[in-house]
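K.L.:
My structure is below; once you've seen it, I'll send some questions.
Numbering (full-length UniProt numbering), first residue to last: 1 to 318.
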């Protein structure tokens, strides 16, 4: 088995997707993306693919750009288990980062050229495109190379990726007991040991952006809110329900199916508890009664997120 690399957190970073089968321990393993600074490629092939986008600034996004190009334009990206590569970081940056969000600019350029309509999902997470410059030459490069669509990449190279478009609902989860939202980072370095907390609602997404999956997961990217019985944490999504299955009930409570208990804000609004369900407890309810308003329409449930800019979402439940 070997670990393959996927897309994590934002489209500027990568993270492990989990074990992938290989014929033997030394065989190369296909990987959707790579870290960026740790790879070997033929110089002529690198130039053929258009090298890195000259419109990128400083750092960020180049790892995914080269990954998408390799796969979508006829190549294969593989992890070689027996290779040994060192990556030495400087103690300090030798250049100025200037003004603005460099990573966002680079990532938007990447999305504009390579992600087709899926780029809209990223813009929703980061508050729009912002200034990203002219990408006409990079789009022309893709056309000349005869590259496949991003939909092909998702279907063929990375079919296990959870996409925001698959979410039944999305947004912040607000406490009815005060202006606090469920907040936690989701990082491949921290997943499994990060406590889920309450923090002042800021309406900017980020650590307060969550999605509801068809499996009852409350998730962001590959991290799910998990209750193992001793604290509410973020853990790698495993798709097995269990500790990660939550139910948004018509009374506005968030119900843990396995434990048959409800999610509750701590008295000081500093954290979250899972306790016996108590009808009428504001600390067990979301703002406006529920983050998701539940009703029935034929075989559908309509879920509405009470956050600015969120739309009424219809999803068929099993």
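Here a beta-carbon is modelled for each residue, glycine too, at the ideal position from N, C-alpha and C.
1. Consult DSSP for residue 101 and reduce its assignment to one of helix, strand or coil.
2. Rounded to whole angstroms, what is the Cα-Cα separation between residue 319 and residue 142?
3. Would you mind giving the Cβ-Cβ distance between residue 65 and residue 57, rounded to the nearest angstrom? I have them listed as a contact below 8 Å.
4. Quick one: what's residue 30 bridged to in DSSP?
5. Just to confirm before moving on: does the CB-CB distance between residue 234 and residue 274 stay below 8 Å?
6. Alpha carbon to alpha carbon, what distance is there between residue 25 and residue 44?
7. Using only the alpha-carbon positions, how far apart do residue 320 and residue 269 sit?
8. For residue 261, which of helix, strand or coil comes out of DSSP?
9. Taking 7 Å as the limit between beta carbons, can you name the residues of its chain near residue 80, skipping five residues before and five after?
10. How is residue 43 classed by DSSP in three states: helix, strand or coil?
11. Among 48, 49, 59 and 203, which has the Cα closest to the Cα of residue 95?
12. Straight-line CA distance for residue 72 to residue 39?
13. Looking at residue 246 and residue 256, is the spacing between their C-beta atoms short of 8 Å?
14. Cutting at 6 Å between CB atoms, please list the residues of its own chain near residue 70, excluding the five before and the five after it.
15. Starting from residue 170, follow its DSSP beta bridges and name the residues at the other end.
16. I'd like the ranges of any alpha helix (DSSP H) spanning at least 4 consecutive residues and lying wholly in the segment 115-139.
17. In this structure, does DSSP put residue 163 in helix, strand or coil?
18. Assuming contact is defined by CB atoms lying nearer than 8 Å, are residue 244 and residue 226 in contact in what I supplied?
19. Please say whether residue 132 and residue 91 have beta carbons closer to each other than 8 Å?
20. Do residue 161 and residue 212 count as a contact pair if the criterion is CB distance below 8 Å?
21. Considering only residues of the same chain and omitting the five flanking positions on each side of residue 149, which have a CB-CB separation below 8 Å?
22. Considering Cα atoms alone, identify which of 103, 146, 137 and 50 is closest to residue 129.
P.N.:
According to the data block:
1. coil
2. Since the displayed the chain opens at 1 and closes at 318, residue 319 lies outside it and no answer follows.
3. That belief does not hold up - the Cβ atoms of residue 65 and residue 57 are roughly 13 Å apart, past 8 Å.
4. 78
5. no
6. 30 Å
7. Not covered by the structure: residue 320. The range shown for the chain is 1 to 318.
8. strand
9. 28
10. helix
11. 59
12. 18 Å
13. yes
14. 77
15. 211
16. 119-126
17. coil
18. yes
19. no
20. no
21. 72 and 116
22. 103
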